[in-house]
Amino acid sequence: MNKKITLLLLLIGSIQITFASELDHGIIELGKIYRNYNFQNNPNELVFKKMDAISTSELEKTKLFIRECISPKNKLTSEVFLKLPDEQTLLNLYLIMKVNANVRQKEPKDNSELLSDWRTKNVRRYELIENYYSMVFAGIGNKNQPFNLSDTNFIIDNYNLVDDTEKGIFFLSAMNLCYYQIWGYMNVVKPPNYKKAKASIDKYPKFNGQEYYKYLSFGFADFEMQIEKDKEVESYKNYFINRFYKTLIYHHQCLNQKRKTKTEAENLTLSSILMEKNYYEYSKNQEYLNGLFRTVKMD
17 MNKKITLLLL
27 LIGSIQITFA
37 SELDHGIIEL
47 GKIYRNYNFQ
57 NNPNELVFKK
67 MDAISTSELE
77 KTKLFIRECI
87 SPKNKLTSEV
97 FLKLPDEQTL
107 LNLYLIMKVN
117 ANVRQKEPKD
127 NSELLSDWRT
137 KNVRRYELIE
147 NYYSMVFAGI
157 GNKNQPFNLS
167 DTNFIIDNYN
177 LVDDTEKGIF
187 FLSAMNLCYY
197 QIWGYMNVVK
207 PPNYKKAKAS
217 IDKYPKFNGQ
227 EYYKYLSFGF
237 ADFEMQIEKD
247 KEVESYKNYF
257 INRFYKTLIY
267 HHQCLNQKRK
277 TKTEAENLTL
287 SSILMEKNYY
297 EYSKNQEYLN
307 GLFRTVKMD
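Each residue of the sequence shown is one higher than the one before, counting from 17 in our numbering.
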């Protein structure tokens, strides 16, 4: 009897090891595929056949998402991809991005060992969600050119987000993509190309039926995570609300260039967190914000 129990336990252990090995193999393959085709390069049918050959059932939803991320003219703005997936898929995608980062290194670690190490860590749900929406909006930006989300309306309550922090992550992830669309026009060229920056801002999406700058729900609970490579963990809100303030400031500067748009500039100020002094601590441009506040008060 004891021998039968021992053999059964050995069999179960063997099955579990085989399953874990197949799951990790699939994650590693998807991580490599994502690394090769998430930006400029586009996959061919051989790539999709390689993905189809990954037969682990726990990766089916993951494969569909990765396929969409690497496909040109994808449908990542559709609700099916904007809705938060299950916890297993969130974790799979988080690990895929760890493989993606690893294989970019000059001397990458062994991917199997990398996954084993990450599986011992307690990654918070907020980090998994941030990773997911970073992938969503990277896929939208990289594979749908030229950038134009002017006809897109994100209804945040429809995406399986359970609290204000998760909703904030969605919004700030979307706005991070928008920030990158104008950063070069405002920082690389001298003087700034306000005309092109404003043309890009006109292509920003709406959120809950309103212009992006009217989103005011930033009182959500903060958390810490590693945001930039080789840096320590830091406040999520400090990093991304600062970027959002930069976007608002760039928008304000564009509108303030011409007399005929100064009324729009004032409306932007009065309708956004440019006037919310209790959030100024998140911005590295407080001198500009305080000057703007005084100007509006005097008019």
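Every residue gets a Cβ at the ideal spot worked out from N, C-alpha and C, and that includes glycine.
| query | result |
| --- | --- |
| N58 to S87 span [Cα, whole Å] | 7 Å |
| Residue(s) in a DSSP beta bridge with S251 | E240 |
| 9 Å Cβ cutoff met for N169 and L100 | no |
| As assigned by DSSP and simplified to three states, the class of E61 | helix |
| Coarse secondary structure for E227, derived from DSSP in three states | strand |
| Among N294, I217, I43 and Y304, the one whose alpha carbon lies nearest that of Q104 | I43 |
| Unbroken stretches of the alpha helix (DSSP H), 4 residues or longer, contained in the region 268-310 | 278-287 |
| Residues near F223 by beta carbon distance below 6 Å, same chain, minus five either side | F170 and Y231 |
| Residue burial classification, T279 (beta-carbon count within 10 angstroms, cutoff 16) | exposed |
| Cα-Cα separation, I49 to L106 | 18 Å |
| Integer-rounded CB distance, given that L39 should sit under 8 Å from T72 | 5 Å |
| Of the residues E248, F260 and N127, the one placed nearest S299, counting alpha carbons only | F260 |
| Euclidean distance between Cα positions of E297 and I257 | 10 Å |
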